[in-house]
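According to this note's numbering, the sequence shown holds residues 14 to 1203 in order.
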Amino acid sequence: MEVRRMRRRGFIINYTVLVLLIPLLLLAATYSDVQNQIVTAQAENIMAERMGWTLSYIQLDLENALKISGKRALATMITYLADERRFIDGMANETMKDLILTGSSSTLVGFDPQSIMKNQTITAWLKEISQKIAGDGYTLSYPTPLPVELKIVPLDSFHIAIKARISNLTITDRNGRVVYSGSIPVEGYTYVVIGLDGTEDPPYPVFTSSRYQRPIQACEFSYPELGQLPIKWLTGVGNSSLEKVVGTYGVDVIMGQYSLTHTGVQAEILNTSVDGTLVNPSTVFSVNDTGVMVFSNISVPYTTGNWGTVSTDYEHRISFTLTNFQPGTLTLVKMDVSRIAADTAHDGRSAAILIRDQNDNPVNFWIERWDDTTNTLWLWMNTTDTDTYWLYYSTNDAYRTRGYGEETLFLLIDDFTGSSLDPAKWNALGSYSLDGEYITLQSTGRVIVSNATFSPPFFVRWRMEPPISRAGAETYQAPLGGANYIEVNITYTDGGSWRIAYWPFDGTADSIADIENNGRTPYIDTYDDALVAKQWIESQGGSVYPDYQIPIYLNSTVIQGINYNPATNRAEIQITDESGKLIPFWIEYWNSNGALIWIKANLTERYEARINSTLVSGLFRWFGTRYYYISNTRISGGILEYDIGSTTLYWGDQRTFSFVEYRRYLETTTKIRIIYNTGVPTRGNGSQVFEFFDDFDGAGLDTGRWNVGGDSGRITVSNGILKLNGDNNANTPDVWIWTKQTFSESYVIGMKTFIGSSSTDDPFWLWYIDSNGYGWMEDLYYDGDLGWFNVNDGSAYFNLVDGGNYLRDTWTRVEIAVTPPDIFGDVDFITYQNQSGPFQGTWSGNTVQVSSYTGYTAESNEPIGLGQFAGSSTEYDFIYVRKYLNPDYLSITVTKHLGSQPLAYEMTGRTAFPSLEVLRNWESIAGANVPTLSLFTTYEANVSYSSITLAKLADPTTVDGSVSAAEGPTGSANVSLVTESSGVRFDWIIVGKSYVTSGATMGEIQVPGSVVWNLYSAVAFDVQPFADCLTYDKYFGVYAAPSFFERLEGNFDPASTGINGPYWDDAVQMQKELGLIPANGTPYPIGLLTFIYQPSDEKLIAALIDNGYDPTSAISSGVSSADVYWISAVVGTSIPGFTPASTIPTGYRVWGVSMGNGNYVSLSSIGFYIDTGTAGEVLGSLGSAWLLDR
14 MEVRRMRRRG FIINYTVLVL LIPLLLLAAT YSDVQNQIVT AQAENIMAER
64 MGWTLSYIQL DLENALKISG KRALATMITY LADERRFIDG MANETMKDLI
114 LTGSSSTLVG FDPQSIMKNQ TITAWLKEIS QKIAGDGYTL SYPTPLPVEL
164 KIVPLDSFHI AIKARISNLT ITDRNGRVVY SGSIPVEGYT YVVIGLDGTE
214 DPPYPVFTSS RYQRPIQACE FSYPELGQLP IKWLTGVGNS SLEKVVGTYG
264 VDVIMGQYSL THTGVQAEIL NTSVDGTLVN PSTVFSVNDT GVMVFSNISV
314 PYTTGNWGTV STDYEHRISF TLTNFQPGTL TLVKMDVSRI AADTAHDGRS
364 AAILIRDQND NPVNFWIERW DDTTNTLWLW MNTTDTDTYW LYYSTNDAYR
414 TRGYGEETLF LLIDDFTGSS LDPAKWNALG SYSLDGEYIT LQSTGRVIVS
464 NATFSPPFFV RWRMEPPISR AGAETYQAPL GGANYIEVNI TYTDGGSWRI
514 AYWPFDGTAD SIADIENNGR TPYIDTYDDA LVAKQWIESQ GGSVYPDYQI
564 PIYLNSTVIQ GINYNPATNR AEIQITDESG KLIPFWIEYW NSNGALIWIK
614 ANLTERYEAR INSTLVSGLF RWFGTRYYYI SNTRISGGIL EYDIGSTTLY
664 WGDQRTFSFV EYRRYLETTT KIRIIYNTGV PTRGNGSQVF EFFDDFDGAG
714 LDTGRWNVGG DSGRITVSNG ILKLNGDNNA NTPDVWIWTK QTFSESYVIG
764 MKTFIGSSST DDPFWLWYID SNGYGWMEDL YYDGDLGWFN VNDGSAYFNL
814 VDGGNYLRDT WTRVEIAVTP PDIFGDVDFI TYQNQSGPFQ GTWSGNTVQV
864 SSYTGYTAES NEPIGLGQFA GSSTEYDFIY VRKYLNPDYL SITVTKHLGS
914 QPLAYEMTGR TAFPSLEVLR NWESIAGANV PTLSLFTTYE ANVSYSSITL
964 AKLADPTTVD GSVSAAEGPT GSANVSLVTE SSGVRFDWII VGKSYVTSGA
1014 TMGEIQVPGS VVWNLYSAVA FDVQPFADCL TYDKYFGVYA APSFFERLEG
1064 NFDPASTGIN GPYWDDAVQM QKELGLIPAN GTPYPIGLLT FIYQPSDEKL
1114 IAALIDNGYD PTSAISSGVS SADVYWISAV VGTSIPGFTP ASTIPTGYRV
1164 WGVSMGNGNY VSLSSIGFYI DTGTAGEVLG SLGSAWLLDR
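So, in structure tokens, the structure goes:
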């Protein structure tokens, strides 16, 4: 018994130990498995990392191999031309491709490329790479032939680009497992750029049997057609006894502050400028540089004698040039008179001066102010057709005057210097006094009123002594007379979206630039240039978009006292425009809560602009990043004109440009009058207001306007209500109708509808029904959703996009908006529903957005429709289609007039707050506080139909503060002087149309008997940079010239090379891929051009003579020295494979280079000529026009 018990105990102990050991064994096994997975993963990560390093190494080494083989291929082709004296037969880039890949090419006839290539090819490189990675345990395999994509093109004139990728490569490890399968590089392509600087120009050894070599070296101004011109210039006016004068700056051409004077001959240029800004020549030209002074006409000296029609009692005269000249324009000129003040009799209001134009014709003017503290004169004048005038001045007080012919400058002017008020100008309504200098208003209110009326826009400018109470000028419209009326001012601005203005490169823009960045630039040189561009943009537009439907809501307060019938929505009203002409309208409702009236108004296209700035940077070290910009902006004849400039920024360079953003929008500022209690109740005529309108007032559905589909028996029209009745099956349509009239791509469908209370009551609304019967559908089964419906067969598709939840079981207003297309031609479909209170014609407040479906293609000339799938009837009181107008952009102000009264706007200033204020019939509508003292102060109000802007001026051309009101006179208005307190003094008042302000550049002072020279337009050039490039045989990159590859092929014909040749499109594409084309979209040229310049090219000329050619005949006959023409003329077709220029243009000597006296040596011994086309490319239009000896 004891033994059995002990055996049982032993079994229990062993079992217990086993139970305890099993979890430990399982844990150990799990740990071992996890550890194995970790080790495996780590090994795989190490292998993946090693393979990543290997691929990076192969990719980097591929770039090095392409550079080495590419340079050897270039050397091989150049050596072939020199040794064999023949050109590449075929495309040179294909020959180079063969050499890079295999080290040989069938086009190199009878020549061993391996003497230069030395097996430096991609094929050899790939074998070497295979051996290198084999040492790391990898095997590289690839198919035959070698799957290499290789494209070689001229990147620009001075660089060649190679684009490469090797595909279908497989790398396996020692175990035969594929560790990589793909291409090198892993993604995209490898790009290599090879510079040509220092490379031998290939054709010259062919021409000279290798007796002459010419390395390619870029001129410092390498791309002249992109703005890098090898000449500098300043413009101005001057006089000279010769048309062109050559000299050396700082030696025989003296550089003054803003002038250049030649010491050897009578030649002088004044007002040296860049883009209209005065510039000191020493900041542009370098001492010892060769310069050319060019004059548009030869001057003949004369003695002034007397002043012509001007008395010599005016002892002096001085010329002045307007800095902002616009011909035939009223101009306020700010003039520095510090040099003439001591010799001019003057006070703050008058001066002993006269103004004449260059032909001695009198110029009308009026002095606003002469400030002795700053020696500044501000005067008004009407410009003629010239920007330069003579100012005569005298010390004799007897000649002091405030103006000459000033009545012709303005619509109204009065300086109140008489002893009585001029009855031809004014009608006195109150008391006043005159003391010979000022008019003092002795009574309050409207004291004097102009007899003349003025149509906006116009400006009113006056100088007064501001009191504590309000005083100033007023626009005044007499009472309208007639019945009671409500005046409604409607303003609509649809917002628009801001875009950047891009300016074309052709130098002239005559319309708003679009955003396409192709041959356009956003950059503007200076803020002042941007300001002119902004002004021009804002002057655009003006196109009228007629007959847009506008809702006018009148609240319950406004309609009090107006006779109406809420049961019929009729009221005793008429609506007229500003001139009293009746206009159509329709009353949607008129009851005790208010009234909603629809009218039509025209919208006008407007532009708004703003100025911004941007910082740009250079991105590349090799050849920089080129930025084009516009400068010297000016407006002429309503067209914005400007010059094109450019700058190259290299790595680390930065520059800030201005740019202009603009937005186009539609706006209206409409004023109407609702004449009420006419005795004739009316609701108006909706058909005269809307694009489509039906209020279902007939005995049945008007089938002359509607098509019917489905069961026409489910249509009822009774008591002005349309009912569409459904059944219990929501899967099939019961009835639908659609208009016979079609509509434009953007509109709003409006309706008053009663939707059944059940969520299964299922009406649908249609739009954009195309010629096949398909239309978009808003389906109201439960909630709204977008689908399509075919009116021809009743087929439909539901739930394309979920919509929103509509209010049911009540009469409600719904509008379905099809928005205007965006720049991609897409529109949105948006539905709105008024869900409480009366509909007030807006899409906000109690009217909410229900469904919105965005991004659908716009369609035109298609109908709209209504229908019913199922449920109880859906009712419609009326339906209309109106042109798309977002009512939330409307601003409507309503003024109720009880009987007639005048409309007046007071523009006042005072020393108390607010110091500037615009009022309507003495009720303030805008005010601002600008510190004002009780001293005579000048004010200006700019008046238009839609706004009045009032400014206080610190001086005649500086605004010290302003305030604006968003309304103005409704028609022509008189101008009045007004005050709230007596004793206010006014100095003067003027009324005029638009004007410009300008500075004045003062010329030299003359006295009678002076020997003077007539001044003509002139240009001073610095040609030294161009001469240096010629002397050292430098190259230019131009569009119409052979590229490096075409030179290898022996094609010297500009008509079939460069931009006109087979490499151009591929070069442009490569520039895009490498990001080299500037933001304005202009690609770099690929053509190479150099010039044959005697005497520095004597070696070339000798080598050509040794080869049997006659280069002296080309020199003596004036052949253009551009090498493509000069070599073509000398060599002709004597060398097989050489294609000379198809035409050899006539060349001309260049002043300062091969014409004139430079550095006291006659330049006519220099053998250099240039044709007009090449001159335009290299010297620019100005250099070509002025420097060639034609």
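The beta carbon of each residue, even a glycine, is placed where N, CA and C say it ideally should be. These numbers come from a predicted model, not from an experiment.
Check                                                                                                               : Outcome
Residue burial classification, Asn987 (beta-carbon count within 10 angstroms, cutoff 16)                            : buried
Alpha-carbon spacing of Thr627 relative to Ser659, whole angstroms                                                  : 16 Å
Three-pair Cβ contact test at 8 Å for the region 476 to 492 versus the region 919 to 930                            : yes
Alpha carbon of Ser994 to alpha carbon of Ser456, nearest angstrom                                                  : 7 Å
Nearest to Gly1189 (by Cα), restricted to the options Val161, Tyr1052, Ser128                                       : Tyr1052
Cutoff 6 Å; reference Gln1010; Cβ partners in own chain excluding five residues on either side                      : According to the sequence provided, residue 1010 is Thr. The question's Gln does not apply to it. Around Thr1010: Leu345, Thr970.
Local conformation of Leu735 per DSSP, three classes                                                                : strand
Same chain, Cβ closer than 6 Å to Gly485, neighbours up to 5 away in sequence not counted                           : Met920, Thr921, Gly922
Spatially closest choice to Gly555 from Asp656, Arg677, Asp538, Ser630, by CA coordinates                           : Arg677
Run of the alpha helix (DSSP H) containing Thr589, from where it starts to where it stops                           : Careful: Thr589 lies outside any alpha helix (DSSP H), inside the beta strand (DSSP E) at 586 to 589.
C-alpha gap between Thr401 and Gly260, whole angstroms                                                              : 28 Å
Simplified DSSP state of Thr53, which is helix, strand or coil                                                      : Unreliable placement is indicated for Thr53, whose pLDDT of 42 sits below 50; no coordinate value is reported for it.
Buried versus exposed, by CB contacts within 10 Å (16 or more), Asp410                                              : exposed
One or two residues paired with Asp427 in a DSSP bridge                                                             : Ile1002
Any non-hydrogen atom of the ligand NAD closer than 6 Å to Asp398 Cβ                                                : As for the ligand NAD, it is missing from this structure, which has no ligand bound.
Contact belief for Arg1060 with Leu1101 at Cβ below 8 Å, rounded distance in angstroms                              : 7 Å
Host beta strand (DSSP E) of Ile101 (start-end)                                                                     : Careful: Ile101 lies outside any beta strand (DSSP E) and carries neither H nor E.
Selection from Ile843, Asp1066, Arg639 that minimises the alpha carbon distance to Glu238                           : Arg639
Contiguous beta strand (DSSP E) assignments of at least 3 residues, all confined to the region 624 to 675           : 638 to 649, 652 to 662
Inter-residue Cα distance where the pair is Asn874 and Ile750                                                       : 17 Å
Reference Leu273, options Gly289, Asp288, Val305, Glu256, closest by Cα                                             : Val305
Contained alpha helix (DSSP H) runs [length at least 4] in the region 995 to 1072, N- to C-terminal order           : 1037 to 1044, 1057 to 1061
Closest residue to Ile1018 among Arg330, Ser1134, Tyr70, Tyr893 (Cα-Cα distance)                                    : Arg330
Alpha carbon of Lys1006 to alpha carbon of Gly699, nearest angstrom                                                 : 41 Å
Inter-stretch contact (C-beta, 8 Å, three-pair minimum) for the region 265 to 279 and the region 222 to 232         : no
Assigned exposure category for Asp523 - 16 Cβ within 10 Å defines buried                                            : Only weak support exists for where Asp523 lies, its pLDDT of 37 falling under 50; the value from the coordinates is given anyway. By the 10 Å Cβ count, Asp523 comes out exposed.
Nonlocal neighbours in the same chain, by C-beta distance under 6 Å from Thr521, ignoring five residues either side : Residue placement at Thr521 is flagged as unreliable, the pLDDT there being 41, under the threshold of 50; the coordinate-derived value follows with that caveat. So the list reads Glu654, once near-sequence residues are dropped.
Residues that Ala608 bridges to, as DSSP identifies them                                                            : Leu567, Trp603
Beta strand (DSSP E) segments (min. 3 residues) lying fully within the region 453 to 503                            : 458 to 463, 471 to 477, 484 to 490
Option in Leu662, Leu425, Pro876 with minimal Cα separation from Ile762                                             : Pro876
Buried versus exposed, by CB contacts within 10 Å (16 or more), Trp66                                               : exposed
Backbone secondary structure at Tyr819 - three-state DSSP                                                           : coil
Distance, Asp973 Cα to Asn942 Cα                                                                                    : 11 Å
C-beta atoms of Ser886 and Lys736 nearer than 7 Å                                                                   : yes
Host alpha helix (DSSP H) of Gly1186 (start-end)                                                                    : 1185 to 1200
Whole-Å CB distance - Val804 paired with Tyr866, under 8 Å assumed                                                  : Actually they are not in contact, since the Cβ atoms of Val804 and Tyr866 sit about 20 Å apart, beyond 8 Å.
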